[in-house]
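In terms of this note's numbering, the sequence shown opens at residue 3 and continues consecutively. Following: one structure in structure tokens, then a few remarks.
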Amino acid sequence: MRVHGKAYRTIWETEDGGGTVTIIDQCRLPHEFVTLDLATSGEAAAAIRDMRVRGAGLIGATASYGVALAARESGGNPDFIARAAESLVATRPTAVNLAGAVNRQLEAMSDAATAGERIAIAYRTARSTADEDADWCRRIGGHGLELIRRIAADKDGGPVNILTHCNAGWLAFVDHGSATAPIYAAHDAGIPVHVWVDETRPRAQGAKLTAWELGCHGVPHTLVADNTGGHLMQHGMVDLVIVGTDRTTRTGDVANKIGTYLKALAARDNGVPFYVALPSSSFDWNLRDGLREIPIEQRGADEVKYAEGWHDGRLTEVLLAPASTPAANYGFDVTPARLVTGFITERGCCAADQASILSLFPEHA
Ligand code: MRU
3 MRVHGKAYRT IWETEDGGGT VTIIDQCRLP HEFVTLDLAT SGEAAAAIRD
53 MRVRGAGLIG ATASYGVALA ARESGGNPDF IARAAESLVA TRPTAVNLAG
103 AVNRQLEAMS DAATAGERIA IAYRTARSTA DEDADWCRRI GGHGLELIRR
153 IAADKDGGPV NILTHCNAGW LAFVDHGSAT APIYAAHDAG IPVHVWVDET
203 RPRAQGAKLT AWELGCHGVP HTLVADNTGG HLMQHGMVDL VIVGTDRTTR
253 TGDVANKIGT YLKALAARDN GVPFYVALPS SSFDWNLRDG LREIPIEQRG
303 ADEVKYAEGW HDGRLTEVLL APASTPAANY GFDVTPARLV TGFITERGCC
353 AADQASILSL FPEHA
């Protein structure tokens with residue numbers, strides 16, 4: 003995607019060729035565009051834990067590079083790499099892309115005959131993981147475009163109004179995004195689209211990140227407070243909901259940012275199609291019951307009690323609640339498959355049930 007006229011991915015190898023990687027520090031957006039070099043696996047783990055990088059695909063790609071950095075800094079030492087892999091996986095529990103990417107690295111490196119080969123394989127695998135993520139998101143854009151085109155053709159005029167929650171944009175992946183890829187593709191194809199952007203408390207990924215990246219790409223959008231979606235749907239102001247996911251079971255239960263379930267309920271009550279866009283790396287093929295089996299990250303209470311924003315040229319936190327009030331911070335919720343109209347994947351669209359999912363991904367049957 004382009005930022006200030008220059009094409010960026012969200013993670014890339016630093017130009018000196020030494021193996022360090024660079025990320026965009028998402029904690030500083032939208033106020034400042036700052037990049038950050040990650041030279042060690044510890045720095046990669048910290049970037050994921052502190053949410054300088056976040057979103058399912060990007061934490062997978064960062065963790066994969068984290069393993070490569072561990073290989074580099076230890077001269078290919080397998081014990082060091084195994085410990086680094088463990089601490090990378092422990093950074094955030096819900097997005098399955100993270101463990102998936104680390105396991106892929108460990109499997110690929112198990113073929114290495116020498117330490118040098120181990121390092122080379124780790125970087126090759128990290129590059130493939132990142133390239134694949136970008137390519138799959140691009141394909142999701144193509145399939146979702148057809149869906150938006152059909153909705154546009156059925157409308158009497160005006161833009162296709164799409165509601166999205168959190169940030170499943172290019173910032174959440176290596177490029178393009180999952181939920182945003184069809185939106186960018188439709189906008190680029192000349193189909194008028196307008197996006198309702200849920201603010202997404204407590205960390206405001208919608209307000210800070212989705213609004214920023216849609217603005218960079220010139221996509222018309224309106225920021226709304228989290229509880230607005232139901233009202234908009236009741237008044238015919240939403241044609242389609244597209245969200246992302248951090249982990250989806252083989253039966254179609256969807257874990258996504260907290261509040262997604264309520265949007266799905268409102269969509270069902272108002273007959274609004276509710277789609278989930280995901281690369282296959284966000285399916286957890288081992289799970290069948292999302293509510294019981296998907297681990298839900300709980301984060302610090304201060305994220306709920308304080309709001310962070312830009313004041314006098316710097317990031318500032320303000321206290322919203324009584325200082326002594328206890329707060330709970332569940333990061334994700336699970337939308338049962340029965341509330342999902344369909345999935346948009348890199349291989350095409352399908353219904354939210356096991357048979358339909360497996361018809362696109364028969365290798366997991
Ligand atoms: O906590 P985050 O910001 O890493 O959460 C991830 C998300 O941005 C959302 O849940 C998103 O909709 C799915 S990730 C592609």
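Even for Gly, the Cβ is constructed at its ideal location relative to N, Cα and C. Since the structure is predicted, the reported quantities are computational estimates derived from the model, not experimental observations.
Check: residue i C-beta below 7 Å from any heavy atom of the ligand MN
i       : result
Lys-259 : As presented, the structure is devoid of the ligand MN, carrying the ligand MRU as its sole ligands.
Alpha helix (DSSP H) segment containing residue i, residue limits
i       : result
Lys-287 : Note that residue 287 is Trp in the sequence shown here, rather than Lys. No alpha helix (DSSP H) contains Trp-287, which DSSP labels as neither H nor E.
Asp-81  : 80 to 91
Trp-214 : 213 to 219
Asp-190 : 182 to 190
Leu-293 : 292 to 295
Arg-252 : From DSSP, Arg-252 is part of no alpha helix (DSSP H); its letter is neither H nor E.
Ile-50  : 43 to 51
Gly-350 : It is not in any alpha helix (DSSP H) - Gly-350 instead sits in the beta strand (DSSP E) that spans 350 to 352.
Whole-angstrom C-beta distance between residue j and residue i, which should lie under 8 Å
i       : j       : result
Val-256 : Val-278 : 5 Å
Leu-198 : Val-240 : Before going on, a small fix: residue 198 reads as Trp here, not Leu. Correct: roughly 6 Å between the Cβ atoms.
Ala-47  : Leu-90  : 5 Å
Tyr-332 : Ile-296 : Their Cβ separation, rounded to whole angstroms, is 12 Å, which puts Tyr-332 and Ile-296 out of contact at 8 Å.
His-178 : Ala-136 : 6 Å
Thr-64  : Ile-50  : 6 Å
Ala-170 : Gly-292 : With a Cβ gap of about 17 Å, Ala-170 and Gly-292 do not count as contacting.
N-terminal and C-terminal residue of the beta strand (DSSP E) that residue i is part of
i       : result
Glu-319 : 316 to 321
Trp-312 : 308 to 313
Phe-363 : No beta strand (DSSP E) contains Phe-363, which DSSP labels as neither H nor E.
Thr-262 : Note, Thr-262: premise wrong, no beta strand (DSSP E); alpha helix (DSSP H) at 262 to 271.
Ile-13  : 13 to 15
Leu-114 : Contrary to the premise, residue 114 reads as Ala rather than Leu in this sequence. Unbroken run through Ala-114: none, as it is neither H nor E.
Thr-337 : 334 to 337
Ala-329 : Looking at the DSSP string, Ala-329 is not in any beta strand (DSSP E), and its letter there is neither H nor E.
Leu-165 : 162 to 166
Ala-59  : Note on identity: in this sequence residue 59 is Gly, with Ala being the wrong assignment. Looking at the DSSP string, Gly-59 is not in any beta strand (DSSP E); the run it does join, the alpha helix (DSSP H), is 58 to 75.
His-223 : 223 to 226
Residue environment, residue i, which counts as buried when at least 16 other CB atoms sit within 10 Å
i       : result
Ala-86  : buried
Ala-325 : exposed
Leu-31  : buried
Ala-132 : buried
Gly-143 : buried
Thr-2   : This structure leaves residue 2 out entirely; the chain is present only between 3 and 367.
Glu-319 : exposed
Glu-34  : exposed
Gln-300 : exposed
| Does the stretch 211 to 219 come close enough to the stretch 265 to 282 to have 3 or more Cβ pairs within less than 8 Å? | no
| query | Do the stretch 58 to 73 and the stretch 98 to 114 meet, that is, are 3 or more Cβ pairs less than 8 Å apart? | reply | yes
| request: Mind the definition here: the stretch 229 to 247 touches the stretch 178 to 191 only if three or more C-beta pairs lie below 8 Å; say whether that holds. | output: yes
| task | Count the CB pairs spanning the stretch 191 to 210 and the stretch 114 to 122 that are closer than 8 Å, and state whether there are at least three. | result | no
| Validate contact between the stretch 17 to 24 and the stretch 34 to 46 using beta carbons, cut 8 Å, 3 pairs | yes
| task | Pair every Cβ in the stretch 222 to 231 with every Cβ in the stretch 333 to 347, then say whether three or more of these pairs are closer than 8 Å. | result | no
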